[in-house]
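Participant: Take the sequence shown: its letter number 159 is residue 159 in full-length UniProt numbering, and every next letter is one higher.
Every residue, glycine too, gets a C-beta built ideally from N, C-alpha and C.
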Amino acid sequence: MCHYQVSVIPSPTTSCLFIDGLVGNTAPVLTSSKPTTEEKPWFLGYDYDESEIVFTVDANVKGGTLRALVERCTLHDALDTTFVNNFLLTYRSFTTSEEFLNLLFKRFQVQPPPGLTAEEMEIWRSKKQKPIQLRVFNIIKQWLESIYHEDDDAGLLNRLHEFIRTTMSPHLKTVSLLKLIEKRQTKTNDYTLRKLVRNIKQEAPPSIMPKNLKKLKFLDIDPTEFARQLTIMDSGLYNKITPVECLNKAWSNKENSCAVNIKAMIEISNHLTHWVIESILQEKVPHKRAHLIRHFVAIADRCMSLNNYNSLMAILAGLNSAPIHRLKRTWELIPTKSTVVLDMLKARMNQTKNFSTYREGLHSIDPPCVPFLGVYLTDLTFIDDGNPDKLPGTDLINFSKYSKCADVITEIQQYQKLPYCLTTVPQIKLFLERNLQGGRDVQDLYNMSLNMEPREREDEKIARLLHESGFL
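Next up, the structure:
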């Protein structure tokens, strides 16, 4: 069975701009990121005050009031798809879905300024009112397709349905929006309603089955197949991560239930690391411990071949841990071939310069892929801790901060687009579930390591090596 996931990055063409066939028209496309300065009739100006929004030197939105930011999403004469996407990905950091929808409802019902002539009113309706209403239509469509979050937003669907039916329908063809609401009300577990992305030419490779499935032992499982099963497990969680899980360090709050997939990935990674350590330490004989290490190195290598950097990092963390790293007698028995592979894997995942080698490699690979989630969580933490929520000295939302968060979320989503085509082996899946349950704490594991190989003075080590070589 192939494990297909869903694309969660909305295409500007399909979700922001394109509604031909749905409403029979499109709003003007992007002309500039910053409001245009060309001459236009006074009644076609922007509704927000200039003091409500601030731009960077390269014309990106730096900060603004919530009202101004929502208006920027729905301008009648310009569209910045990057800004819209960034806003939708992060708005829950500084407002609620209810308040956001209220502002969209108000925006859809935009009113003309008083005193317009009949000719000016016609221009206003065609050049401002209708484009704004189309923008609002598109925003709601994108929100329902890709941003809606069951726990936060389910209570808003009835009110949204009523607004679309009574207020939007007289102006636009809204059947598609009403159908999206119906789908949301029935498919409560789906984060995105977008179609599956799949390669119909791709077939899952044949599984490498252990000889004895009834009495399954770790060393009997082929490293490639073990890495595949880890990848199925990891990618299944990674592809369920939603934008709201990435906001406000939700994963670090034990009482916050919204970051369930990130928390699950962290937990499984930690359990995998602990299992690597504990399984090695359970062997009393050095050459058996060495055999296990070789097997884990082979699995880590296959994880990298599968672009599963999350499991790769968890295994390396176990092999690099103090209880395992200090087992010099065991490491002396590891063949050169395995140590060369391990050194290569360590170099690829080296933390120097904020994982620069890993990042460069990640951006050059062909998906599917499971990135090392820890890098993204570190980036989001630095952004959240290092930037104020409001622009200094103002009450304006610091949108530059949230744009940086959106950049990270967008990259997370990038690797959710293409699924792995791998087959679950139920027996290996059950083996993983049984073993990745956590275990002894770090101090207990270190004490086990000391019992296995007590600390040696240099003269004791020399004497031991001579003895093992047959000289003494």
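Going by DSSP, name the residue or residues bridged to K390.
Facilitator: Note: K390 sits in a beta bridge opposite I397.
Participant: With G63 and I397 assumed to form a contact (beta carbons below 8 Å), what rounded beta-carbon distance in angstroms separates them?
Facilitator: Yes, G63 and I397 are in contact; Cβ-Cβ is about 6 Å, under 8 Å.
Participant: Can you give me the C-alpha to C-alpha distance between K328 and N451, rounded to a whole angstrom?
Facilitator: Roughly 13 Å between the two C-alpha positions.
Participant: If you count every other CB in all the chains shown that lies within 10 Å of the CB of A78, and 16 or more means buried, which is it?
Facilitator: When all chains shown are included, A78 counts as buried.
Participant: Quick one: what's got a C-beta closer than 7 Å to D379's C-beta in the same chain, skipping five residues either side?
Facilitator: Result list for D379: V408, in chain order.
Participant: Secondary structure at V370, three-state DSSP: helix, strand or coil?
Facilitator: Residue state, collapsed to three classes: strand.
Participant: Considering only the alpha carbon of each residue, which of H171, I140 and A204 lies closest to L177?
Facilitator: Checked all of H171, I140 and A204; the closest Cα to L177 is I140.
Participant: Using a Cβ cut-off of 8 Å (strictly closer), state whether L377 contacts chain B.
Facilitator: This model lacks chain B altogether, as it is built from one protein chain only.
Participant: Just list the residues that DSSP pairs I53 with in beta bridges.
Facilitator: Bridge partners of I53: G64.
Participant: Determine, using beta-carbon pairs with one atom in the region 332-344 and one in the region 370-389, whether at least three such pairs fall under 8 Å.
Facilitator: The answer is no - the region 370-389 does not touch the region 332-344, with fewer than three Cβ pairs under 8 Å.
Participant: Looking at the strands, I want to know which residues DSSP matches up with N308.
Facilitator: N308 pairs with V370.
Participant: Quick one: residues in its chain with C-beta nearer than 6 Å to the C-beta of T65, no 5 flanking neighbours on either side, listed in chain order?
Facilitator: Excluding residues within five positions, the ones whose Cβ falls inside 6 Å are E52.
Participant: Hey, out of Q129, I299 and L157, whose CA is closest to D47's CA?
Facilitator: With distances taken between Cα atoms, D47 lies closest to Q129.
Participant: Alpha carbons only, please: which of C405, K214, F87 and L345 is nearest the one belonging to I315?
Facilitator: With distances taken between Cα atoms, I315 lies closest to L345.
Participant: Please give the ranges of any alpha helix (DSSP H) in the UniProt domain "N-terminal Ras-GEF" (57-189), keeping only runs that are unbroken, at least 4 residues long and fully inside the region.
Facilitator: Entirely contained in the UniProt domain "N-terminal Ras-GEF" (57-189), the alpha helix (DSSP H) runs reaching 4 residues are, in chain order, 66-73, 81-90, 97-108, 118-124, 130-142, 150-153, 157-163 and 175-186.
Participant: Please go through the same chain and pick out, in chain order, the residues whose beta-carbon is closer than 8 Å to the beta-carbon of R455, but skip the five residues on each side of it.
Facilitator: No residues qualify anywhere along the chain.
Participant: In its own chain, which residues sit with a C-beta less than 7 Å from the C-beta of L22, not counting the 5 before and 5 after it?
Facilitator: Note that L22 scores 32 on pLDDT, short of 50, meaning its location in the model is unreliable and no value can be drawn from it.
Participant: Cα-Cα, which of S403, D366 and N447 is closest to Q414?
Facilitator: Checked all of S403, D366 and N447; the closest Cα to Q414 is D366.
Participant: Please classify G318: does DSSP put it in a helix, a strand, or coil?
Facilitator: The answer is helix: DSSP assigns G318 an H, G or I state.
Participant: Could you give the uninterrupted runs of the alpha helix (DSSP H) lying entirely in the region 400-430, keeping only those of 4 residues or more?
Facilitator: Entirely contained in the region 400-430, not one alpha helix (DSSP H) run reaches 4 residues.
Participant: Does M349 come out as helix, strand or coil in the three-state DSSP assignment?
Facilitator: Correct three-state label for M349: coil.
Participant: Could you check if Q185 is buried or exposed, using at least 16 other CB atoms within 10 Å of its CB as the buried criterion?
Facilitator: By the 10 Å Cβ count, Q185 comes out exposed.
Participant: Per DSSP, what kind of secondary structure is Q437 in: helix, strand or coil?
Facilitator: Correct three-state label for Q437: coil.
Participant: Is the region 431-439 in contact with the region 117-134, if contact means three or more CB pairs nearer than 8 Å?
Facilitator: At 8 Å Cβ cutoff, the stretches do not touch.
Participant: How should Q416 be labelled, buried or exposed, when 16 other C-beta atoms within 10 angstroms of its C-beta is the threshold for buried?
Facilitator: Per the 10 Å Cβ criterion, buried.
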